[in-house]
Amino acid sequence: AYTAEPFVPERGGLPALRKAAAECRGCPLHRDATQTVFGNGDTDARVLIVGEQPGDQEDRQGKPFVGPAGRLLDRALAEAGIDPGQTYVTNAVKHFKFTSSGPGKRRIHKAPSLREMTACGPWLAAELAVVDPELIVILGATAGKALLGSSFRVTQQRGTLLEEEIHGRQTRVVATIHPSAALRADDREAVYQGLVSDLKVAARALD
Ligand code: URA
Ligand code: SF4
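Quick note: the sequence shown, position 68, residue 77 per UniProt numbering, numbers continuous.
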């Protein structure tokens, strides 16, 4: 089976993890992507935020949530009263998965498979162990299924404080929609306000 497990170092904290993840060959996604996009933030962060996988901009820049979805996330976090200095931001899958199409070969995001999410899980487990956050914020259904299992339903579980076991750790979790959903929706403002209101639940849990 595909797995990142043999690539994950046992000590050295975030710097060692980041360095090792750059060389991960745990699943085929490293082949077409530009680089590993590891998590970003402080070891002492109070909140660990998990997205799905890097997008086009993230793949080019090597940092999570630096594209359009990231800008919307930053705005929503600020509006909810969550200080970016308190967050560690990462993804369930660390390489960009895409198909190229059209004459300009535009790279279109493809959802990661369960096998790829499972393969990449050891990186998230290691980030969780090192950061030891007070709260995990899950962005969207894909990350939700990766962390909480295939029965996860974002529509049912969003915006409430949950107690869950993730990679063997009992932790508090707030799930919400993926910010890119608010970029695509017809009623963008309403969808965005829903994101903010879920994030406020996370902010209150940190008070
Ligand atoms: N979407 C994600 O889920 N993660 C990113 O890093 C960027 C966009
Ligand atoms: Fe390794 Fe994850 Fe990249 Fe697959 S997606 S190669 S498991 S870092």
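The beta-carbon is built from N, C-alpha and C at its ideal position, and this holds for glycine as well.
Fair warning: this is a prediction, and the values are worked out from it, not measured in the lab.
Where do the ends of the alpha helix (DSSP H) carrying Gly130 lie?
-> Counting along the chain, the alpha helix (DSSP H) containing Gly130 begins and ends at Leu123 to Val140.
Start and end residues, beta strand (DSSP E) containing Val75 = Careful: Val75 lies outside any beta strand (DSSP E) and carries neither H nor E.
Cβ-based neighbour list, Arg178, same chain, cut-off 7 Å, excluding 5 preceding and 5 following | Leu137
Assign Gly111 to buried or exposed, taking buried as 16 or more other Cβ atoms, counted over all protein chains shown, within 10 Å of its Cβ.
-> exposed
Asn100 Cβ short of 7 Å to the ligand URA heavy atom set | Here the distance from the Cβ of Asn100 to the nearest heavy atom of the ligand URA is below 7 Å.
Presumed contact (8 Å Cβ cut-off) between Val146 and Val183, rounded CB distance | 5 Å
When the cut-off is 8 Å and only beta carbons count, does Ala214 lie next to chain C?
-> As a matter of chain content, chain C is missing from the structure shown, which is built from one protein chain.
Run the CB neighbour count on Arg116, radius 10 Å, all protein chains shown included, and call it buried at 16 or more, exposed below.
-> buried
Please go through the same chain and pick out, in chain order, the residues whose beta-carbon is closer than 7 Å to the beta-carbon of Lys119, but skip the five residues on each side of it.
-> Lys106, Phe107 and Thr108
Close Cβ partners of Asp68 (< 6 Å) along its chain, the five nearest in sequence each way excluded | Ala42, Thr43 and Phe105
Contact between the segment 55 to 66 and the segment 144 to 158: three or more CB pairs below 8 Å?
-> yes
Distance, Asp207 Cα to Ser160 Cα | 20 Å
Between the beta-carbon of Leu26 and the beta-carbon of Ala191, is there less than 8 Å?
-> no
Under three-state DSSP, which class holds Thr12?
-> coil
Cut-off 6 Å between Cβ atoms - residues of its own chain near Thr180, not counting five sequence neighbours on either side = Ile145
So what does DSSP say about Glu67, is it helix, strand or coil?
-> Three-state DSSP puts Glu67 in a helix.
Kindly examine the ligand URA and report whether one of its heavy atoms sits closer than 7 Å to the Cβ of Gln70.
-> No - the ligand URA has no heavy atom lying nearer than 7 Å to the Cβ of Gln70.
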